[in-house]
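In this note's numbering, the protein residues as written are 1 to 77.
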């Protein structure tokens, strides 16, 4: 049994995976949540890239809600 995780990029589904990261493993209030670290694959570089506009919710959003949030928050020319 696991949880279904979905990653959206620019309002579109980019990846999904079943995993076992439970809510109980998240840091307590005021703690630090590390994303893309530590690297459990054994490689010596845990993450090479940039993250921007990250949002974490305490409930699942529908694809329509994700798209609406993206559209409402994207920069307009």
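Where is the CB? At the ideal position from N, CA and C, for every residue including glycine.
Helix, strand or coil: how does DSSP classify residue i here?
{"i": "residue 72", "result": "helix"}
{"i": "residue 64", "result": "helix"}
Considering just the uninterrupted stretch of the beta strand (DSSP E) at residue i, what are its terminal residues?
{"i": "residue 14", "result": "12–19"}
{"i": "residue 7", "result": "3–9"}
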